[in-house]
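Participant: Residue numbers (our numbering), protein chains in the order written: chain A, 1 to 427; chain B, 428 to 854.
We put the beta carbon where it would ideally sit given N, CA and C, even for glycine.
1) Check the Cβ-Cβ distances between residue 314 of chain A and every residue of chain B, and say whether any is below 7 Å.
2) With 7 Å as the threshold, decide whether the Cβ of residue 374 of chain A is near any Cβ in chain B.
3) Show which residues of chain A have a CB atom less than 7 Å away from the CB atom of residue 543 of chain B.
4) Quick one: is residue 699 of chain B buried, meaning 16 or more other Cβ sit within 10 Å of its Cβ, or exposed?
5) Out of curiosity, what's the CA-to-CA distance linking residue 256 of chain A and residue 841 of chain B?
6) Which first and last residues belong to the beta strand (DSSP E) in which residue 323 of chain A is found?
7) Mapping the DSSP letters down to three states, classify residue 680 of chain B as helix, strand or coil.
8) Would you say the stretch 370-384 of chain A touches the stretch 318-329 of chain A, given that touching needs at least three Cβ pairs under 8 Å?
9) Taking only runs of the alpha helix (DSSP H) that begin and end inside the stretch 531-580 of chain B, which ones reach a length of at least 4 residues, in chain order?
10) Which whole-angstrom value is the C-beta distance of residue 93 of chain A and residue 378 of chain A, which I expect to be below 8 Å?
11) For residue 666 of chain B, which of helix, strand or coil comes out of DSSP?
12) Assuming residue 461 of chain B contacts residue 642 of chain B under a Cβ cut-off of 8 Å, what Cβ separation, rounded to an integer in Å, is found between them?
13) Just checking, does the stretch 247-262 of chain A make contact with the stretch 229-237 of chain A on the three C-beta pairs under 8 Å criterion?
14) Between A:277, A:311 and A:298, which lies nearest to residue 9 of chain A when the distance is taken from Cα to Cα?
15) I want to verify the contact list: residues of chain B whose CB lies under 8 Å from the CB of residue 237 of chain A, in sequence order.
16) Starting from residue 719 of chain B, follow the beta strand (DSSP E) in both directions and report where the run begins and ends.
17) Applying the criterion that 16 or more other CB atoms from any shown protein chain within 10 Å of the CB defines a buried residue, is residue 223 of chain A buried or exposed?
18) By DSSP, does residue 422 of chain B sit in helix, in strand, or in coil?
19) Please classify residue 307 of chain A as buried or exposed, where buried requires at least 16 neighbouring CB atoms within 10 angstroms.
20) Can residue 402 of chain B and residue 537 of chain B be called in contact, C-beta distance under 7 Å?
21) Does the beta-carbon of residue 762 of chain B, which I'm using as the reference point, lie nearer than 6 Å to any heavy atom of the ligand NAP?
22) Can a CB atom of chain B be found closer than 7 Å to the CB of residue 417 of chain A?
23) Can you tell me whether DSSP reads residue 525 of chain B as helix, strand or coil?
24) Give the straight-line distance between the Cα atoms of residue 442 of chain A and residue 839 of chain B, rounded to the nearest whole angstrom.
25) Check whether chain B comes within 7 Å of residue 411 of chain A, counting only Cβ atoms and requiring the distance to be less than that.
26) Three or more C-beta pairs closer than 8 Å, one from the stretch 574-591 of chain B and one from the stretch 482-498 of chain B: is that the case here?
27) What residues in the stretch 396-408 of chain A have a beta carbon less than 7 Å from any beta carbon of chain B?
28) Smallest Cα separation from residue 225 of chain A: which of A:181, A:383 and A:158?
29) Within 7 Å (strictly less), CB to CB, does residue 636 of chain B reach chain A?
30) Might you give, ordered along the chain, the residues of its own chain that have their beta carbon closer than 8 Å to the beta carbon of residue 291 of chain A, omitting 5 neighbours on each side?
31) Residues of chain B with CB under 7 Å from residue 251 of chain A, in chain order?
32) Closer than 7 Å, Cβ to any Cβ of chain B: which residues of the stretch 283-304 of chain A, in chain order?
33) Using a Cβ-Cβ distance under 7 Å, would residue 388 of chain A count as near chain B?
34) Can you round the beta-carbon distance between residue 540 of chain B and residue 819 of chain B to whole angstroms, since I take them to be within the 8 Å contact cut?
35) Determine the direct distance from the alpha carbon of residue 715 of chain B to that of residue 501 of chain B, and round the result to whole angstroms.
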């Protein structure tokens, strides 16, 4: 790990730089595959599954029988853990329901917003070595609470054409109606355009590699909404001399094990802590099965010593981390000053792992500095707020003349006339 | 206007088709200009202003003196109208403030969201024949209420290098701090990357032509967030035999005058109404100064007769109009069944003009069917909801074991270890 002591503000930008995403170079490949899926539907999806996932599929949809088998295969301990996590996620996301209120801006002029679920949503869950059933919970639970009618999920099958049972179990308990065996660009294309097996959706959610990210961005240009742009995961730990170095080290490592492009940063006012954390990282690393992956990711990670807590806070807000853990004595006061972060973990007993799985908060969060402009996934992500207005005869008499003046000044005479005909109405 | 009687459901898709946006063909031009702005900053912006807006600028920023002159030039009647509209917009958007609440998902596990303003936002207001000061109000007012620290605005100058005084007046009263004289692709690039005059922002808002739309989409791939994809404006009027044909005609025409690519659709259960509306449109059209523009736009507009109200509602939800006016006897019941629309206007005295200018609702709304997945601009557009969690020792003891099981099953051992070290802590 790199230790940096008292960097100047001018250096921050360079110091906090993320590895650049090579998205532009993938655009052509992605567009070619998307276009084939758009024009050839299932046939293209099945052929890309053979090419990329090395599997020959006859049909894309997971059958009821497969769901039942999965239910039997998942260990009871894992089922219980999934249900505990799901309950907490449901509790927290249910509390986010929007309560509409009618506002009379002037007598007879009433305006309000109403939350309406997005009717059709598509969830993407990546494949790879580990079955990301936690992501299934994080996306499906709020979709169900929001009231989305059609919740579908795409995830790549293994070479036997099977989906991991924990994914299917999580999908079923969290409210996913239909699961399809496809991944990568072709899955994104299928959900954006629809095929004869896979319904078109209005919004696509979920993480993925750079191909998936670029595919989501491409379909979002015209055909469908997406949750947010995604980059490699990252954590910043803000700690003072009261922090437990064992805990801090474990938090940095749990980020590092995500992959070589993840970033783990410690920002601290305590030189002693840096030394102890570095030691602890080495000790814990030696016991990790995914040691080599974490080791590589640690090369781009940093332990940064700053002059005081205000400088630490400024640096965090400049970095805008996806995850921020605050392990300091006065963490509540410090949390008040955080303006740019995806999700914030307070105190010694709030590791990122808790939010990744089971505390109730969502783990789909803005990476790559996007926390400056984007929120993480929440119930809001699955609804729209439609505005309504109801104006009475009295109301239009009050605001009508102002509208006439404004419309005339914008040279929109028919807009003005829509008021005039109403003001001139003879009853 | 085209009159269509009792179309079959299979025809709806074709019937409700919007004119396609030719965005792909503009990409190269847009990217070239963006790249020049990114690398050459002000120099590129000034040179594109000369090329596209035919104006030689020495500096881009509107001066205090120019603001003062504008203030003098705006007619007092228009000032009063702007202030009335601004008050209503402020009242409605202030009511949208998010009230954070702490949720204990399990004893010792507390989660909450906190609304934090996006620090730097950039508003774009197009040029053209009319000064769109109403758009200034719609974007700046919620930005100010949200608490955005830096609110800047870009709009193209005229050939004398001036901005229309009503734009500057609206900007000043609605809380815009700095205004810059630049439009089109170069304005979007300047706000996305920053130049020596124009600060980089985190999110860009506002309408524009296809070049602006494509530029916003391109910078949104990596550098900045945007409000939403934009297309030509549109209105659907849902009416029964009780509707006033004069009002309906005026509403269709006020959409049509926006330009040849706008769309105005009447969906009704009353054949008599169609005839009367068609007559009224002709009569009102003959009195409009922008007659030729509206006439052209009316060619792609439609009066559709359906079998019953349920069919009308289904058609509306399939179309997902930006604006929906419901002029029927039981409009409250019908409004309950609307699931896809940007903004809904209820009853005879709620014309679209009211929401365009002064009722208090926002007029920046999803077009092109995007209402199926996007909300219009609201206070939400200017904030992020950061999640927080605070877990106690007791709390982590409760949820820790479930997290350990889940992390182990996702092969994320360091995630598991971050729990283990805390559960094993000796006090």
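Facilitator: Straight from the coordinates:
1) no
2) yes
3) 339
4) exposed
5) 8 Å
6) 323-327
7) helix
8) yes
9) 560-573
10) 7 Å
11) strand
12) 6 Å
13) yes
14) A:311
15) Here the premise fails: no neighbours, minimum Cβ distance about 11 Å.
16) From DSSP, residue 719 of chain B is part of no beta strand (DSSP E) but of the alpha helix (DSSP H) over 718-725.
17) buried
18) This structure gives no information on residue 422 of chain B, because the portion of chain B shown stretches from 428 to 854.
19) exposed
20) A query on residue 402 of chain B cannot be resolved here, the shown segment of chain B reaching from 428 to 854 and no further.
21) The model on display carries no ligand, and the ligand NAP is accordingly not part of it.
22) yes
23) coil
24) Residue 442 of chain A is absent from the model: chain A starts at 1 and stops at 427.
25) yes
26) yes
27) 396, 399, 402, 403, 405, 406 and 407
28) A:383
29) no
30) 285
31) 845
32) 284, 288, 289, 290 and 294
33) yes
34) Going by Cβ atoms, the distance from residue 540 of chain B to residue 819 of chain B rounds to 20 Å, so no, they are not a contact pair.
35) 25 Å
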